[in-house]
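Residue numbers (the numbering used here): 1 to 554.
Beta carbons are placed, not taken as given, at the ideal position from N, Cα and C, and that holds for glycine.
All values derive from a computational prediction rather than experimental measurement.
Listed below in structure tokens is the structure:
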């Protein structure tokens, strides 16, 4: 799976991922003997060898955008609270959390005796610095969760208080990586954004060792970590550009676990000696994004601002067909922003209200809106402007390219022309997120939630996220209001219907046409490490790091 979030010049931060399923992608990182930690394919009792096709971008906890970087950094840095294998909160740097009755004041009691990797003591001042700099300057993946932060107060070296202007349904302590003030405190925000952080200093269970770009990243166990020492002494993430070679390396014993297995290769692992393929629910979706920017400098086709046109595009698509063809059946048809893994938080759209697989209805909608068929088989409005749009996707994301080809034919069947082009990941990222003048019409891409709480994925399309995570430049005051209502409702029973209403409003607006929710497909060897626990979102490459910490030699 390839991660494609690269920061643009505007400092946009997002966590976006797409599957890289091409078994025909040229090139791999090398032969078996070239894999660090492989020791000529012989397993070791202390080194965990991970295979992935997704390179990290940076080691800066304020500017990273890829899930690969997140995976590494979350073992180097600690949060105040973290997710266990059931994705429930458990203590981390904070031993205890209390809140006031209103849900606006959070008090954290910190672990004593914790030190940074450079030996300096960790204190509440580090927590205050991290929360303040992130909130005040909109820095980092978790900045979205701190928009209501009013103040942070250090009570003593082991206690800190966060005060918010409104009740918080989600605790930012779950996702804010605490950084050392003595390393970052002298930097300006612009310096933070450009700091490479080549030698990350955290409090986490592993210390950064080395990163050979295009080949591997290595971390080693932190002997002074506050928690129980993991059995794993060294973790090496080996980068592949070819999924076939990566899967074969697992089969041959050169790797211990894969962060993602392409659907087209997953079935082939069934019955492989000492290999266990595992299918789990993911917190991801792939979508068709439509440029609805109202910016006068936008280069997007203004006809896409007509909701009827967007709804017709949605009705032209058969999501079940997309899952069957693009994912080899390893997923579920898409609808709303929250995947099924969110359980009761996901809104259920009745079949009769779905914009899915009904080309006849699409034609009727377009007819009623005055879009008549032109001489070239492309519908046009009363001014003679054709429903002709540009469609872009990432060239190396095989299933998105296939979906694009299917989409072109489906749209053509209802009288809409799509001109399909593929780009490399960085180019597509920069084209889509050119907030000053977004010059594109429609893309195919994907999102991966940063938390198992609804807030993150629902926050992407807020008006205040234009120039940050908002990839389609959607702006709807009604949506913003609903989001804020649910985000400040700490009572789950009252919050659930608000979350449903938020999703339903956005679904009907059709700025996103969510194609599918892909399964999380992973595989590991049973003869090297034991104790892997499947969970929603994956054994690794997930919100929880507990599998890394709890496995033991087989």
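Per DSSP, the unbroken beta strand (DSSP E) holding residue 217 starts and ends at 216-221.
Residue 332 counts as buried, since no fewer than 16 other beta carbons sit within 10 angstroms of its beta carbon.
Each residue's CA atom was taken as its position, placing residue 292 and residue 275 some 46 angstroms apart. In this structure, DSSP gives residue 63 a state outside helix and strand, which the three-state scheme calls coil. The C-alpha of residue 190 lies about 12 angstroms from the C-alpha of residue 138.
Shown here, residue 235 sits in a strand according to DSSP, grouped into three states. Contact annotation, residue 487 with residue 505: C-beta distance approximately 15 angstroms; criterion of less than 8 angstroms not satisfied. For the region 431-497, the full-length beta strand (DSSP E) segments reaching 3 residues or more read 442-448 along the chain.
Here the region 407-426 does not lie against the region 455-465, with fewer than 3 beta-carbon pairs under 8 angstroms apart. Following the DSSP letters along the chain, one finds residue 404 inside the alpha helix (DSSP H) bounded by residues 398-412. Residue pairing by DSSP places residue 51 opposite 238 and 258 in a beta bridge. When secondary structure is reduced to three states using DSSP, residue 347 falls in the coil class, being assigned neither helix nor strand. Nearest to residue 98 by C-alpha distance, out of 301, 80, 540 and 87, is 80.
Between residue 124 and residue 100, the C-beta spacing is not below 8 angstroms.
Taking a cut-off of 8 angstroms on C-beta distances, the region 343-354 touches the region 493-504, as three or more cross pairs fall below it. According to the DSSP assignment, residue 512 belongs to the beta strand (DSSP E) that extends over 512-518. In the three-state reduction of the DSSP assignment, residue 109 falls in the strand class.
The residue from 64, 271, 254 and 243 with its alpha-carbon nearest to that of residue 262 is 243.
When the beta-carbon positions are compared, residue 131 and residue 149 come within less than 8 angstroms of each other.
Inclusion of residue 540 and residue 76 in the CB contact set at 8 angstroms is not warranted, their separation being larger than that value. In this structure, residue 444 places its C-beta atom within 8 angstroms of the C-beta atom of residue 288.
Residues of the same chain with a CB within less than 6 angstroms of the CB of residue 316, apart from the 5 flanking positions on each side, are 359, 362, 410, 411 and 414 in chain order. Exposure of residue 376 is indicated by the presence of fewer than 16 other C-beta atoms within 10 angstroms of its C-beta. If you look at residue 310, you'll find it in the alpha helix (DSSP H) that goes 307-316.
Contact check between the region 277-288 and the region 511-526: three or more CB pairs, one atom from each, fall below 8 angstroms, which counts as touching. Of all C-beta pairs linking the region 521-533 to the region 204-215, fewer than three are shorter than 8 angstroms, placing the two stretches out of contact. Under DSSP, residue 303 forms no beta bridge with any residue. Under the DSSP definition of a beta bridge, residue 161 partners with 107 and 153.
Under the three-state reduction of DSSP output, residue 125 falls in the helix class.
In the DSSP assignment, residue 83 is bridged to 89.
Taking C-beta atoms as the reference points, residue 544 and residue 85 count as a pair closer than 8 angstroms. Residue nearest to residue 403 within the set 380, 450 and 327 is 327 (criterion: CA-CA distance).
Under the three-state reduction of DSSP output, residue 252 falls in the coil class, being neither helix nor strand.
Boundaries of the alpha helix (DSSP H) around residue 319: 319-326. Setting aside the 5 residues that flank it on each side, residue 246 is surrounded in the same chain by 51 and 240, each with a C-beta closer than 6 angstroms to its C-beta; the list follows chain order. Bridge partners of residue 211 according to DSSP: 217.
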